[in-house]
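Q: Residues in the first sequence are numbered from 52 upward in steps of one, following the working numbering.
Sending over a structure as structure tokens; questions will come in a sec.
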Amino acid sequence: MEQKKSSDNFFEKVYDVARLIPYGRVTSYGTIAKYLGAARSARMVGWAMNNSSGKDIPAHRVVNRVGLLTGKHHFDGTNLMQQLLESEGVEVVDNKIQNFKEIFWDPAIEL
DNA sequence: TCATTGACTACGT
DNA sequence: GACGTAGCCAATG
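Next comes the structure, spelled out in structure tokens:
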């Protein structure tokens with residue numbers, strides 16, 4: 052029997068926002084955290100992503116504030132994250148998104 | 001309970 | 001503009 056999902060709620064929200072990221076778009080951990088009301092918990096978003104393993108969460112669309120694929124080491128392969136992004140039309144070079152500023156997706160604005 | 005770590009961010013040099 | 005340090009919050013040992 053499950054009890055309160057207060058803590059899970061935060062993770063659930065992260066998953067929900069991550070799933071809302073449109074094709075060929077990316078966002079940052081801090082942006083999601085801020086959208087959820089936890090701007091200081093950007094790390095927690097990353098933690099949620101780590102927990103999203105096995106879920107339908109496009110974690111490859113979530114990068115740090117400079118568009119750097121910091122979490123690529125958590126994926127199966129070595130360049131899987133970059134490959135996924137490039138497959139969506141995202142220009143990635145050296146684990147970093149080039150036109151990050153152009154494809155940046157902000158839930159607080161787009162939504 | 002305390003100490004360490006981590007898919008971050010901001011500030012200072 | 002690159003590098004180092006500090007701050008933050010939660011999970012893990």
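Each residue gets a CB set at the ideal place from its N, CA and C atoms; glycine is no exception.
1) Go ahead and pull the three-state DSSP assignment for residue 131.
2) Here's a check: name, in chain order, each residue in its chain whose Cβ is nearer than 7 Å to the Cβ of residue 119, leaving out the five neighbours to either side.
3) Taking only three categories from DSSP, how would you classify residue 141?
4) Name, in chain order, the residues that DSSP records as bridge partners for residue 78.
5) Going by CA-CA distance only, name the one from 142, 105 and 144 that's closest to residue 127.
6) Can you give the Cα-Cα distance for residue 99 and residue 149, rounded to whole angstroms?
7) Is it the case that the Cβ atoms of residue 154 and residue 77 are separated by a distance below 8 Å?
8) Determine the burial state of residue 152: buried for a count of at least 16 other Cβ atoms within 10 Å of its Cβ, exposed for fewer.
9) Inspect the beta-carbon positions of residue 84 and residue 113 and report whether they are closer than 8 Å.
A: In short:
1) Taking the first sequence and counting its residues from 1, one reaches residue 131 at position 80. If DSSP states are grouped into helix, strand and coil, residue 131 belongs with the helices.
2) Residue mapping note: residue 119 aligns to position 68 of the first sequence, counting from 1. Hits under 7 Å: 146 and 147.
3) Numbered from its first residue, the first sequence carries residue 141 at position 90. Assigned with DSSP and collapsed to three states, residue 141 falls in coil, not helix or strand.
4) Within the first sequence, residue 78 is the residue found at index 27, counting from 1. According to DSSP, residue 78 bridges with 113.
5) Position 76 of the first sequence holds residue 127. The shortest Cα separation from residue 127 among 142, 105 and 144 belongs to 105.
6) Within the first sequence, the letter at position 48 stands for residue 99. Within the first sequence, the letter at position 98 stands for residue 149. Going from the Cα of residue 99 to the Cα of residue 149 covers about 26 Å.
7) Walking along the first sequence from the start, residue 154 turns up at place 103. Walking along the first sequence from the start, residue 77 turns up at place 26. At the C-beta level, residue 154 and residue 77 come within 8 Å of one another.
8) Sequence index remark: in the first sequence, residue 152 carries index 101 (1-based). Result: exposed.
9) Here residue 84 corresponds to residue number 33 of the first sequence, with the count starting at 1. Here residue 113 corresponds to residue number 62 of the first sequence, with the count starting at 1. Not in contact: residue 84 and residue 113 (Cβ atoms no closer than 8 Å).
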